[in-house]
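Notes follow the structure.
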Amino acid sequence: MFAPLYQSSGLDTAEVTRAIIVPGAEARDSWSVNWITMQNIKMDLASTDSTFNPNTTSIMSPCFLSQNDITAGAGNANQLNWKGGDWFSGDFANGPTNGDNISSFDVLDALVNYYTNASMYPNIQAVVLAGHSAAGQIFQRYAAMRIPTINDDRVNYIVANPGSYLWLVTDRPHQNASCASVNVYDKYKYGLTGGIVGYSTGDFKNLGRDGVVSRYRGRNVHYALGTADNGPGDTGCEASTQGATHLERGDNFISMLNNSNGGMPSSHTVDMIEGVSHQQDQMFNSSQLRERLFKEVTATGSLQNSTTATAAPTGQRSSGSNDAPTAYSASVTLGIAGVAFLSILSGVALL
Numbered sequence: 001m002f003a004p005l006y007q008s009s010g011l012d013t014a015e016v017t018r019a020i021i022v023p024g025a026e027a028r029d030s031w032s033v034n035w036i037t038m039q040n041i042k043m044d045l046a047s048t049d050s051t052f053n054p055n056t057t058s059i060m061s062p063c064f065l066s067q068n069d070i071t072a073g074a075g076n077a078n079q080l081n082w083k084g085g086d087w088f089s090g091d092f093a094n095g096p097t098n099g100d101n102i103s104s105f106d107v108l109d110a111l112v113n114y115y116t117n118a119s120m121y122p123n124i125q126a127v128v129l130a131g132h133s134a135a136g137q138i139f140q141r142y143a144a145m146r147i148p149t150i151n152d153d154r155v156n157y158i159v160a161n162p163g164s165y166l167w168l169v170t171d172r173p174h175q176n177a178s179c180a181s182v183n184v185y186d187k188y189k190y191g192l193t194g195g196i197v198g199y200s201t202g203d204f205k206n207l208g209r210d211g212v213v214s215r216y217r218g219r220n221v222h223y224a225l226g227t228a229d230n231g232p233g234d235t236g237c238e239a240s241t242q243g244a245t246h247l248e249r250g251d252n253f254i255s256m257l258n259n260s261n262g263g264m265p266s267s268h269t270v271d272m273i274e275g276v277s278h279q280q281d282q283m284f285n286s287s288q289l290r291e292r293l294f295k296e297v298t299a300t301g302s303l304q305n306s307t308t309a310t311a312a313p314t315g316q317r318s319s320g321s322n323d324a325p326t327a328y329s330a331s332v333t334l335g336i337a338g339v340a341f342l343s344i345l346s347g348v349a350l351l
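Residue 265 in full-length UniProt numbering sits at position 265 of the sequence shown, with consecutive numbering throughout.
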């Protein structure tokens, strides 16, 4: 099974120090705005900043296809695809063959492991997962649910204008009579009261809410909010309890962090992008996000093998067993017109 993606070509992997992974949003147009925007920023920096070397940055844009894409001929029968927006929350793929219990989080794991493989990218300092809108949703949830590895300090999550959040506490800033029960409005993907995705069931069973929240607080998460983003985004009842608009939900989430035990985590940042609405190109091209995307480094020292967990294996999936997580490895081969394919192979180490 394959997940199509675009990846920078012609780079010396030993020279690459930074990888930016930027999927499409709900429209799944990875090749369009996001890929083009990142390439344009990279080339602009190369021409205006003498300290920036474009050969040190690899850009990858994976495509999370839907069933409709396959039906319409935009993908083929061997490519992973999801039902609607299920990939936003880390759900298992719908196909091929019911997805073989492969989550969109598994795909992200494989991409991160690909770039943090010391035999291929020995000098990687940062892997930046940059998401706007729906892609911001998946990265915010992935930051909470990702099974840890020894290179977690190199992984950065940019969460820009998501339509809704994985809330860390059961309280909400707003009430909605249509989903007044905590078992509804705080069910995953909006919270942590039940309904945990198969990728994370065993992990959540071991850690519980407090453990997942503590892990999330320790990760490098960068929130970016357009101050003119007054669209509703996610129209679900659960999302309405977080706020009425992208901006209000983001503000409320930041307030929740500030008011939580320990306050705003030191590894989290907030950038308010003045005058920008729900426009991913303007968000990513802001001075704040250009710095976070292409310049900031959160880890130094030698890269280690990313398949080794930092603690006892907690990557159990829907079975809830205590076995070590199944290995998913990435094999990337450049294809026609810069298209590459990620092969997700159960139990096979290709890296």
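Beta carbons are placed, not taken as given, at the ideal position from N, Cα and C, and that holds for glycine.
In this text, all values refer to a predicted model and were calculated from it rather than measured experimentally.
>> Which of the three DSSP states is assigned to Thr17 in this structure?
In response: coil
>> So if DSSP puts Leu111 in a beta bridge, which residue, or which two residues, is it bridged to?
In response: None, per the DSSP bridge assignment.
> Quick one: what does DSSP say Val155 is sitting in, helix, strand or coil?
Replying inline: strand
>> Ala130 and Leu293 - do their beta-carbons sit closer together than 8 angstroms?
In response: yes
> Which value, in whole angstroms, describes the spacing of the CA atoms of Val276 and Glu248?
Replying inline: 14 angstroms
> Since Tyr199 contacts Ser103 with CB under 8 angstroms, what's their CB separation in whole angstroms?
Replying inline: 4 angstroms
> Counting pairs of beta carbons, one from the segment 217-225 and one from the segment 242-257, are three or more of them closer than 8 angstroms?
Replying inline: yes
> Would you report the Cα separation of Ala19 and Cys63, rounded to the nearest angstrom?
Replying inline: 17 angstroms
> From what residue to what residue does the alpha helix (DSSP H) around residue 352 run?
Replying inline: Residue 352 lies beyond the stretch modelled for the chain, which goes from 1 to 351, so this question has no answer here.
> Does the beta-carbon of Lys205 have 16 or more other beta-carbons within 10 angstroms, so that it is buried, or is it exposed?
Replying inline: exposed
>> Which residues does DSSP list as the beta-bridge partners of Thr235?
In response: Thr235 pairs with nothing; no bridge assigned.
>> Is it buried or exposed, Thr116, if we count other Cβ atoms within 10 angstroms and call 16 or more buried?
In response: buried
> Any idea which residues DSSP pairs Trp35 with across the strands?
Replying inline: According to DSSP, which records beta bridges pairwise, Trp35 is partnered with nothing at all.
>> Here's the rule: buried if 16 or more other CB atoms are within 10 angstroms of the residue's CB, otherwise exposed. What is Gln280?
In response: buried
> In angstroms, rounded to a whole number, what distance separates the CA positions of Leu289 and Ser50?
Replying inline: 19 angstroms
> Roughly how far, in whole angstroms, is the beta-carbon of Ala3 from the beta-carbon of Gln67, given that I think they are within contact range, below 8 angstroms?
Replying inline: Between Gln67 and Ala3 the Cβ distance is about 14 angstroms, and since that is not below 8 angstroms, they are no contact.
> CB-CB under 6 angstroms to Thr241, same chain, minus the five flanking residues each way: which ones, in chain order?
Replying inline: Arg172, His174, Asn176, Tyr185
> DSSP on Gln304, reduced to helix/strand/coil?
Replying inline: coil
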